[in-house]
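Participant: Residue 104 in the UniProt record's numbering sits at position 104 of the sequence shown; the count goes up by one each step and never skips.
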Amino acid sequence: APLSKQRPIQKTPNSIDQNSEKPRNTIMAEVKLFGCWYSPFSRRVEMALKLKGVEYEYIEEDLSNKSPLLLKYNPIHKKVPVLLHNSKPIAESSVIIEYIDETWEGPSILPKDPYERAMARFWVKFIDEKCSVAMWKAFAIPGEEGEKAKEEAAELLKFVEEEIKGKKFFGGDNIGLVDISANFIGYWFGILQEIAGLELLTKEKYPNLCKWIDGYINDNFVKDNLPAKDKMTQVLKPMAQPGYSGYKPKV
Numbered sequence: 001a002p003l004s005k006q007r008p009i010q011k012t013p014n015s016i017d018q019n020s021e022k023p024r025n026t027i028m029a030e031v032k033l034f035g036c037w038y039s040p041f042s043r044r045v046e047m048a049l050k051l052k053g054v055e056y057e058y059i060e061e062d063l064s065n066k067s068p069l070l071l072k073y074n075p076i077h078k079k080v081p082v083l084l085h086n087s088k089p090i091a092e093s094s095v096i097i098e099y100i101d102e103t104w105e106g107p108s109i110l111p112k113d114p115y116e117r118a119m120a121r122f123w124v125k126f127i128d129e130k131c132s133v134a135m136w137k138a139f140a141i142p143g144e145e146g147e148k149a150k151e152e153a154a155e156l157l158k159f160v161e162e163e164i165k166g167k168k169f170f171g172g173d174n175i176g177l178v179d180i181s182a183n184f185i186g187y188w189f190g191i192l193q194e195i196a197g198l199e200l201l202t203k204e205k206y207p208n209l210c211k212w213i214d215g216y217i218n219d220n221f222v223k224d225n226l227p228a229k230d231k232m233t234q235v236l237k238p239m240a241q242p243g244y245s246g247y248k249p250k251v
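1) Label residue 5 either buried or exposed according to how many other C-beta atoms from any shown protein chain fall within 10 Å of its C-beta, with 16 as the threshold for buried.
2) Is there a Cβ from chain B that is less than 7 Å from the Cβ of residue 141?
3) Taking the continuous beta strand (DSSP E) assigned at residue 170, which residues delimit it?
4) I'd like the list of long-range same chain contacts for residue 150, defined as Cβ closer than 7 Å, with 5 residues on each side in sequence excluded.
5) Measuring only the C-alpha atoms, how far is residue 85 from residue 33?
6) For residue 241, collect the residues of the same chain with a Cβ closer than 6 Å to its Cβ; drop the 5 residues on either side in sequence, then sort them by chain order.
7) Under 7 Å between the Cβ atoms of residue 181 and residue 133?
8) If we ignore side chains and look at the alpha-carbon of each, how far apart do residue 96 and residue 45 end up?
9) Skipping 5 residues on each side, what residues in its chain have a beta carbon closer than 6 Å to that of residue 56?
10) Roughly how many whole angstroms lie between the Cα atoms of residue 76 and residue 221?
11) Under the rule that 16 or more other beta-carbon atoms within 10 Å means buried, what is residue 225, buried or exposed?
12) Can you give the beta carbon distance from residue 81 to residue 93, rounded, assuming they're within the 8 Å contact cut?
13) How should residue 87 be labelled, buried or exposed, when 16 other C-beta atoms within 10 angstroms of its C-beta is the threshold for buried?
14) For residue 33, which residues does DSSP report across the bridge?
15) Counting only runs of 3+ residues fully inside the UniProt domain "GST C-terminal" (113-235), write out the beta strand (DSSP E) ranges in chain order.
16) What do you get for residue 140, buried or exposed, if any count of 16 or more other CB atoms within 10 angstroms of its CB means buried?
17) In whole angstroms, what is the alpha-carbon distance linking residue 233 and residue 197?
18) Kindly identify the DSSP beta-bridge partner or partners of residue 88.
19) Determine the burial state of residue 79: buried for a count of at least 16 other Cβ atoms within 10 Å of its Cβ, exposed for fewer.
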């Protein structure tokens with residue numbers, strides 16, 4: 001069996017400023033993405049590419065049998081996603097998204113204002129390194145440690161709840177960096193809650209955040225770039241079993 005599967009080149013509408021020095025959003029500059037369909041980190045990068053109207057070739061990775069190309073292009077972390085642009089590899093989803101935003105024309109993903117841009121990076125780091133980690137532990141770890149993780153996640157989510165208050169998206173009226181990067185909270189964790197019977201992220205506790213989630217997953221662009229819920233449930237359900245040592249949220 002092949003080590004990786006290739007999806008047809010993704011074609012999205014161009015959004016081009018004729019006076020811009022940034023490249024046209026076409027396949028003339030070779031773009032490939034090594035990813036995994038159920039990884040929120042891979043999906044982030046796909047959303048960013050599609051927001052910019054960049055055509056790319058998608059290569060699906062089997063995380064239990066990683067391809068030699070993935071290991072070649074990301075020898076340090078050995079993880080997806082990896083973006084290959086003109087044969088130059090870039091790893092780590094947040095780094096890739098900023099590269100995409102700076103390289104191609106189209107809707108801005110990061111704010112233009114330096115302070116707002118810094119704050120967006122702060123919230124992405126907070127969500128990735130604090131919230132998502134605690135939320136995953138609350139789902140995956142049983143016993144006392146799992147209960148502590150639930151308490152920690154509940155406290156951390158209060159900060160996100162306050163940050164999204166009064167906003168349609170974290171980026172304002174349009175989807176931006178933090179919205180793309182909060183996809184684990186917005187979609188993946190809802191499925192995990194159903195599987196495990198958790199009541200951690202609820203409308204009663206986090207009305208502002210849940211309002212954002214409803215708007216986020218029902219946004220036409222976002223909805224078209226999320227994996228099917230039934231398939232996600234099949235993948236995530238075994239992870240609720242004690243002793244599971246496979247997929248972790250940071251892949």
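Every residue gets a Cβ at the ideal spot worked out from N, C-alpha and C, and that includes glycine.
Facilitator: For this structure:
1) Residue placement at residue 5 is poorly supported in this model, since its pLDDT is 48, which falls under 50; the coordinates still yield a value, given next. Exposed, by the Cβ-count rule.
2) Of the protein chains in the structure, only one exists, and it is not chain B.
3) First-last for residue 170: undefined, no H or E at that position.
4) 138, 200
5) Distance between residue 85 and residue 33, taken at the CA atoms: about 9 Å.
6) none
7) no
8) 7 Å
9) 10, 31, 33, 49
10) 33 Å
11) buried
12) 6 Å
13) exposed
14) 58, 83, per the DSSP bridge assignment.
15) Within the UniProt domain "GST C-terminal" (113-235), no complete beta strand (DSSP E) run reaches 3 residues.
16) With 16 or more other Cβ atoms within 10 Å, it is buried.
17) C-alpha separation (whole angstroms): 13 Å.
18) 85
19) buried
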